Amino acid sequence: MSKLKKISNSVTKTQLWRSVFRHGYPDTPRNRTLAVLSNVVLHLHPVKVRRSGIRLSYTWCMGGLTFFLFLIETLTGLLLMFYYRPTAELAYQDIFALREHVPLGVMREVHRWAAHLMVITVWLHMYRVFLTGSYKPPREFNWNVGVILLVITLLLSFTGYLLPWDQLAVWAITVGTNMARATPLLGHEGPGAALLSLGGLEFIHAGDDVRFGLLAGRFVGEGALLRFYVLHCVGFPLIAAGLMAVHFWRVRKDGGISGPL
Amino acid sequence: MGDFIKEASNWLTQPTIFSLLSVALIVALVVFRRQLTTIPVIVAVFVGMTAYFVFAWSDPNFNKIITKPDNVPIIILLATVIFFTWLSLRRAVINDERIAKGEPTLEGELAKQKVFVWPDLVYSEFICLVAFTALLLVWSIEIPAPIEEPAATARTPNPSKAPWYFLGLQELLVYFDPWIAGVLLPGFIIAGLCAIPYVDPNPKGNGYYTFNERPFAITFYLVGFVLFWVAFVILGTFLRGPNWSFFGPFEYWDIHKLEPMVNVDLSTYFWVKLLDMPRPLNPWVRELPGIVLVLGYFLVTPALLAKTVFRTKFKEMGVVGYNITMHMLLWFALIPIKMALRWTVSLKYFVGMPEFFFNI
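Going down the list, the sequences are from chains A and B. Each residue of the first sequence is one higher than the one before, starting from 1 at the first, in my numbering. Each residue of the second sequence is one higher than the one before, starting from 1001 at the first, in my numbering.
Pasting the structure below:
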């Protein structure tokens, strides 16, 4: 037995090592199977997949990248939360400080660019899934979960857009949420809203319509900032994580990554 | 030469010509997919785009709009959508030829083999992960995230734009009121996407690229995604300046550029121009022609088509599926119809009842 083998054995044959890794180096069918089955992350995958399903020219890797970007967003977002205070006086200066004084303030850049990229990868993932007809039975339900995840991704990006509290942020959200004014029946400038009144008493007005509910006010102000912050950091990520679990689970249950039946 | 290219670009990117060219491109892509999905074509496209970019870079107006940090993703979007559209059609062409010869598709051939996730899949995932981490880090270090002046609700910037991924919808505000462009249409897009698997009666093309087996579905998605979503995002980002006026890529964003608004309601066309009388005072009577037209469009067209062109489709899909599909398609078709009428006869509204915020 060579010296090298002895040294490696002195590491891998210990109780400590074996308590973590339940199998040998994954170079045999048995150990490759165990490598996937005994690892909680890899366990997302089956042990074996169709060769067609792992070709980049078929999958474009867009679903996987979206998940990866979601993880990046979670990690960088968590770090940013240590420095950012969602109030009208402090938000802007905190974001500015990330650029000027905070070590590794580049996390904000990573967070923003990954967010933009995630919107693109989600769109391209959906594009690929449609073009390969992968929404067809038995995957109808999972397609719908995907549609909701797409909406959540856009909402995550939209709520995050407000947080820097600069002109770009506030006016983009103002333009975006102005649409809600025109919601039929429920927005104060929407068709039919005037019908919801009783003896001259209007039920739908600028102080209680859908837009007011979104913004916690008649314009984008401190209430909107807090509301968007909570939705951005807690609400939507939780929904997204839950739906992603369902999405991945159903990929497996519906016969693995799509391929010709 | 340089000036000619700049002027030609400014002229070609006007909303009318931009939209018509995009339609022509998609039609050409579908019809000539065999010739256009070769490797020299995509290489030529990317070389051409890069050359154009290098040429345009020195122009101050082009440079200013392209180098806005938040516009970088849209360049990525443009490049990836072009590449992946080409790639998917290329594979569809290859598969269709194989199917015609009775051979299995590219995916079908490979699907016969099964491989271990470790190492085959894990490795490519790992490489993607490293590559993207590197890309993100370089991008983040090179280009700082935008931060403008502190928020001031009293100072409205001009133009005020939504986040870039909603600019396609903001572009629709030129043609529709917010309750359609900002509420109904996004709602229908989501509902329509959800309905797709249930209303598509075609069992073929499940799990592989093909065009011949699902020509309608593929064309529909190409038009919907590439034209009405991606192309409109690009139009809204790069070509719309102050007051949401149109600006060519080499045009200075002049805040005083005025576009005359001479749009006319359908009711004016009907009562004033056709019948030569003043418009009736009662809004319901005034808008009767428009209401009849819109109701006819949504209620009569599906029935008419079911009896004629879509006779077989109607049988395949059933009453419910057919009606859902038709209504989604009719809403979708309303966009190009309204755009064409705006460009040709300056139509403002089919039904214009500002009394109730009800304008179509």
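We treat Cβ as the ideally placed atom computed from N, Cα and C, and that holds for glycine. In this text the structure is predicted, and so the values were computed from the model without any measurement.
| field | Span of the beta strand (DSSP E), counted from its first residue to its last, around Val1115 of chain B | value | Lys1114 to Phe1116
| Would you say Trp1331 of chain B and Thr183 of chain A are within 8 Å of each other, going by their C-beta atoms? | no
| said: Which residues in chain A have a C-beta closer than 7 Å to the C-beta of Tyr1198 of chain B? List them in chain order. | reply: Glu140
| Helix, strand or coil at Asn1063 of chain B according to DSSP, with G and I counted as helix | helix
| So is Lys1161 of chain B buried or exposed if we call it buried at 16+ other beta carbons inside 10 Å? | buried
| query | Between which two residues does the alpha helix (DSSP H) carrying Val49 of chain A extend? | reply | Premise fails: Val49 of chain A lies in the beta strand (DSSP E), Lys48 to Arg50, not in any alpha helix (DSSP H).
| In chain B, which residues lie less than 8 Å from Gly176 of chain A when you measure between Cβ atoms? | Ala1162, Pro1163 and Phe1166
| query | Counting contacts by CB-CB distance shorter than 8 Å, is Gln1014 of chain B in contact with chain A? | reply | no
| task | Pull up the distance between the alpha-carbon of Pro103 of chain A and that of Leu163 of chain A, whole angstroms please. | result | 20 Å
| How would you call Arg181 of chain A, buried or exposed, if buried means at least 16 neighbouring beta carbons within 10 angstroms? | buried
| said: Within 8 Å, do at least three Cβ pairs link the stretch 1084 to 1096 of chain B to the stretch 1210 to 1226 of chain B? | reply: yes
| query | Should Ile120 of chain A be flagged as near chain B, meaning a C-beta pair shorter than 8 Å? | reply | yes
| field | Simplified DSSP state of Cys166 of chain A, which is helix, strand or coil | value | According to the sequence provided, residue 166 of chain A is Asp. The question's Cys does not apply to it. Strand, per DSSP.
| message | The alpha helix (DSSP H) that contains Asn1071 of chain B, what's its start and end? | response | From DSSP, Asn1071 of chain B is part of no alpha helix (DSSP H); its letter is neither H nor E.
| Near Arg85 of chain A, which residues of its chain fall below 6 Å by C-beta distance, leaving aside the five closest residues on each side in sequence? | Asp94
| Is the stretch 18 to 30 of chain A in contact with the stretch 1068 to 1085 of chain B, if contact means three or more CB pairs nearer than 8 Å? | no
| Sequence-distant residues of its chain with Cβ nearer than 6 Å to Arg1033 of chain B (five each side left out) | Leu1089 and Val1093
| query | What residues in its chain sit with their C-beta under 7 Å from that of Trp1343 of chain B, if we drop five residues either side in the sequence? | reply | Thr1016
| query | Roughly how many whole angstroms lie between the Cα atoms of Ile257 of chain A and Gly1321 of chain B? | reply | 27 Å
| message | Quick check: the Cα distance between Leu231 of chain A and Leu80 of chain A, rounded to an integer number of angstroms? | response | 15 Å
| If you follow the alpha helix (DSSP H) that Ser1019 of chain B is part of, which residue opens it and which one closes it? | Pro1015 to Val1031
| task | Can you tell me which of A:His125, A:Ile148 and A:Leu56 puts its alpha carbon nearest to the alpha carbon of Cys1194 of chain B? | result | A:Ile148
| task | State yes or no: is the beta carbon of Ile152 of chain A nearer than 8 Å to at least one beta carbon in chain B? | result | no
| Members of the stretch 97 to 111 of chain A near chain B, C-beta cut-off 7 Å | Arg99, Val106, Arg108, Glu109 and Val110
| request: Check whether the Cβ of Cys233 of chain A lies closer than 8 Å to any Cβ atom in chain B. | output: no
| Cβ shell of Leu42 of chain A (< 8 Å), same chain only, five flanking positions each side left out | Ala35 and Val36
| What three-state label does DSSP hand Ser1346 of chain B in the structure shown? | coil
| field | Inter-stretch contact (C-beta, 8 Å, three-pair minimum) for the stretch 219 to 230 of chain A and the stretch 154 to 168 of chain A | value | yes
| query | By Cβ distance below 8 Å, which residues in the same chain neighbour Ala97 of chain A in space, the five residues on each side in sequence not counted? | reply | Tyr83 and Gly105
| field | Those residues which DSSP pairs with Gly1318 of chain B across a bridge | value | Per DSSP, none; premise fails for Gly1318 of chain B.
| request: Could you please tell me which residues of the stretch 1097 to 1119 of chain B, in chain order, have their CB closer than 9 Å to any CB of chain A? | output: Pro1104, Thr1105, Leu1106, Glu1107, Gly1108, Glu1109, Leu1110, Ala1111, Lys1112, Gln1113, Lys1114, Val1115, Phe1116, Val1117, Trp1118 and Pro1119
| message | Tell me whether the stretch 1255 to 1269 of chain B and the stretch 1107 to 1126 of chain B touch, counting them as touching only if at least three CB pairs, one residue from each stretch, are closer than 8 Å. | response | no
| request: Check the Cβ of Thr999 of chain B against every Cβ in chain A and list those closer than 7 Å, keeping chain order. | output: This structure leaves residue 999 of chain B out entirely; chain B is present only between 1001 and 1360.
| Close-in-space but distant-in-sequence residues of the same chain around Ser157 of chain A (CB under 7 Å, 5 per side omitted) | Ala115 and Val119
| query | Pick from B:Glu1287, B:Val1319, B:Lys1273 and B:Cys1128: whose alpha carbon is nearest that of Val1345 of chain B? | reply | B:Lys1273
| Going by the beta-carbon positions, is the gap between Val1030 of chain B and Thr1219 of chain B smaller than 8 Å? | yes
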